[in-house]
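Numbering (the numbering used here), first residue to last: 791 to 1122. In what follows, a single structure is set out as structure tokens and then discussed.
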């Protein structure tokens, strides 16, 4: 897998998850910290994703015992991969002082979201209706994103991003719940939250422009979708294996499957086909219906449905004209 990283010159993005295993013959399935509070024995799976032109492509993975925290294995993984441009993108539950200290000691670059009520950042620019306290704006997914940044005095940057579309949506949602008299919603709560609607606060050790930081963080959404597909669509949330060696082989085959799935997703994305097709539908309803058969000694494609042909045309896909099987090359 290391050869796959040779052309990557942008940041690699790390993300980890746990795979439950109740096997008594495996050494790596151990009880440890789980962000969802699940106490079952599990194996930690750490993934590296490309953050450049092929942003979101799974590039490398490594398994660790469930009792080992992600931060403590990053250094060894980076040495194994022989790369330097990496960034850890965490979730909001990760932003504790102890975790920040561990990241700083490790020398890893990171982007960590802070809670909107966090007292580390200055809210003064949010009080200005004319955005005079902001550093500027940029376009992301056809939406203007306003931003301002400040230093924390310890070599870190705190960047605040304001998405006007998201702000309006969150305000409308809160007011709807207020009018419906939902518990916990009040006019005082609305006034207290108004300035924070639509904001994302990021703490980072990078010196990149704010727009680059925002883009890297947003790639996390694609990565979270990857793990959702990994555990649900691909049914890889549990291994049902009994040895560490079998688990290693299983994870490698899973990695190859996910890379192929990502290529399909990328074709859908680059051809603007995600509005018509879902990853689940393409894999289970369309591509699985493209099969070959052997009749009178010759291999050929089975008759495809109109839906299969339309999908291939939409994404610019072509079928191979030759089949390599059991050491022989056959014309299709």
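Even for Gly, the Cβ is constructed at its ideal location relative to N, Cα and C. For clarity, every value in this text was computed on a predicted model and none was experimentally measured.
In the structure shown, residue 910 falls within a coil segment according to DSSP collapsed to helix, strand and coil.
Note: residue 975 is not bridge-paired with any residue in the DSSP secondary-structure output. Contact check for residue 1031 and residue 851: beta-carbon distance about 16 Å, past the 8 Å limit, so the pair fails to qualify. Boundaries of the alpha helix (DSSP H) harbouring residue 1100: 1096–1105, taken from the DSSP string. According to the DSSP assignment, residue 1060 belongs to the alpha helix (DSSP H) that extends over 1034–1060. Between residue 1107 and the set 1003, 1092, 1056, the nearest pair of CA atoms involves 1056. Of all C-beta pairs linking the segment 929–940 to the segment 972–987, fewer than three are shorter than 8 Å, placing the two stretches out of contact. In the three-state reduction of the DSSP assignment, residue 928 falls in the strand class. Using a 10 angstroms sphere on the CB of residue 834, the tally of other CB atoms reaches 16 or more, which defines it as buried. Residue burial is scored here from C-beta neighbours: residue 1048 has at least 16 other C-beta atoms within 10 angstroms and is therefore classed as buried.
In this structure, the straight-line span from the alpha carbon of residue 840 to that of residue 804 is close to 9 Å.
Remark: fewer than three beta-carbon pairs, one from each stretch, lie closer than 8 Å, so the segment 887–904 and the segment 913–921 are not flagged as touching. By the C-beta density criterion, residue 1095 is exposed, having fewer than 16 other C-beta atoms within 10 angstroms.
Bounds of any alpha helix (DSSP H) do not take in residue 949; it lies within the beta strand (DSSP E) bounded by 947–953.
Residue nearest to residue 926 within the set 916, 1112, 895, 938 is 938 (criterion: CA-CA distance). In the pairwise beta carbon analysis, the segment 995–1012 is classified as touching the segment 949–964: at least three pairs are separated by under 8 Å.
With respect to the C-alpha of residue 1037, the residue from 855, 934, 1062, 802 having the closest C-alpha is 855.
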